[in-house]
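Numbering (the working numbering), first residue to last: 74 to 404.
Following: one structure in structure tokens, then a few remarks.
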């Protein structure tokens, strides 16, 4: 690593596809009252992609908005990193499909899989590439079409998930006082069974029996994930702040993966940050898996909630189990 190099986020973008789906429509699918959905999740709306919209299309829209904000064109990028739990194909990667849409050739493009923590994992990889001197400018995108992996009779998933994409452009900086301070990542594969889509991989190849058993759809053991997430991510936040000699009271903005309204509230309570400094967009867009953190970051950026020099905490938790935190001096 080059001690003189650091990285900063110079542009963000996000995109919501298809149509807005309210709680009444979801409640009708499940045979429940719409008020129950908001009460347990904090969600009123989510967006579900139209049949002709593809994961790489969502990623392209978010990317072009990030490029516009940074006053760049696709040819200015040195690498493309895409996170998705709903990739367009098993292979080629969604990153390569996005690269084709952007009309650029030759630069590396690849997918990464870390469930809802994927954007944060991608941000860490971009930061490492830049600090190592390998690239000057990386595109990190998270794009999800979760609506196509739902069993619409499964209450635990159907009330939560929506579709969307978010992007960030990470650039080399010589100002070590600003930008990404550090990112810390974690995983515990002992809990791999808690959040999964089991069917469709090499263990359970797609077949009639897989389809009939709905093994190709998303399954979550929500209450257990909730308890583990609160404990593990809370500890990760405390440890990261202590390592950088920051205090929670110094944080100007906290942006977590938008998993569940109750979970967001609990996280902020546990780390001692008031609600007005904990960003939440989940009421309007639902849980968009790995795209949620990038979309929330873009919302904060475009709504002027982030000012130069602000101390920002990013955090995510997802299947695997995976989780992580980032500390950023914005600007």
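We put the beta carbon where it would ideally sit given N, CA and C, even for glycine.
- One alpha carbon belongs to residue 375, the other to residue 278, and they sit about 43 Å apart.
- Assigned with DSSP and collapsed to three states, residue 203 falls in helix.
- One thing to note: residue 368 has its Cβ within 8 Å of the Cβ of residue 237.
- Judged by DSSP in its simplified three-state form, residue 379 adopts coil rather than helix or strand.
- Per DSSP, the beta-bridge partners of residue 246 are 79.
- Distance check between residue 288 and each of 181, 206, 250 and 222 places 222 closest, using alpha-carbon atoms only.
- The Cβ atoms of residue 307 and residue 344 sit closer than 8 Å to each other.
- Beta-carbon to beta-carbon, residue 370 and residue 328 are separated by about 6 Å, close enough to satisfy the 8 Å threshold.
- Short of 6 Å from the beta carbon of residue 273, and not among the five residues preceding or following it, lie these beta carbons of its own chain, in chain order: 279 and 289.
- Per DSSP, the continuous beta strand (DSSP E) segment holding residue 255 begins and ends at 252-260.
- Here the alpha carbons of residue 161 and residue 125 stand approximately 12 Å from one another.
- Per the coordinates, the alpha-carbon of residue 102 lies some 28 Å from the alpha-carbon of residue 87.
- Contact check for residue 118 against residue 377 fails: the beta carbons are separated by 8 Å or more.
- In the DSSP assignment, residue 355 falls within the alpha helix (DSSP H) that extends over 355-358.
- Annotated three-state conformation of residue 164 is coil, per DSSP.
- If you keep only unbroken alpha helix (DSSP H) runs of at least 4 residues inside the stretch 90-122, you get 96-103 and 107-114.
- Looking at 225, 184, 294 and 112, the one whose alpha-carbon comes closest to that of residue 363 is 184.
- Within the same chain, Cβ atoms closer than 6 Å to the Cβ of residue 156 are found at 185, 191, 192, 195, 215 and 363, the five residues on either side in sequence being excluded.
- One thing to note: residue 140 has its Cβ no nearer than 8 Å to the Cβ of residue 203.
- With 16 or more neighbouring CB atoms inside 10 Å of its own CB, residue 132 falls in the buried class.
- Counting along the chain, no alpha helix (DSSP H) covers residue 211; the unbroken beta strand (DSSP E) around it starts and ends at 210-218.
- Your pair residue 402 and residue 382 checks out as a contact, with CB atoms roughly 6 Å apart and the cut at 8 Å.
- In the three-state reduction of the DSSP assignment, residue 397 falls in the strand class, which pools E and B.
- A distance below 8 Å separates the beta carbons of residue 228 and residue 105.
- One thing to note: residue 168 has its Cβ no nearer than 8 Å to the Cβ of residue 180.
- Around the C-beta of residue 348, fewer than 16 other C-beta atoms lie within 10 Å, and the residue is accordingly described as exposed.
- Between residue 291 and residue 197, the alpha-carbon positions lie close to 26 Å from each other.
- Take the alpha-carbon of residue 249 and the one of residue 258: they are about 21 Å apart.
- If you look at residue 384, you'll find it isn't in any alpha helix (DSSP H); it sits in the beta strand (DSSP E) that goes 384-391.
- Counting only runs of 4+ residues, the alpha helix (DSSP H) found wholly inside the stretch 271-329 occupies 281-285 and 295-316, in chain order.
- Within the model, the alpha-carbon separation for residue 294 versus residue 262 is close to 15 Å.
- Classified as exposed, residue 322 has fewer than 16 neighbouring CB atoms from the shown chains inside 10 Å of its CB.
- Following the DSSP letters along the chain, one finds residue 182 inside the beta strand (DSSP E) bounded by residues 182-185.
- The shortest CA-to-CA distance from residue 200 to any of 310, 380, 78 and 341 is the one to 78.
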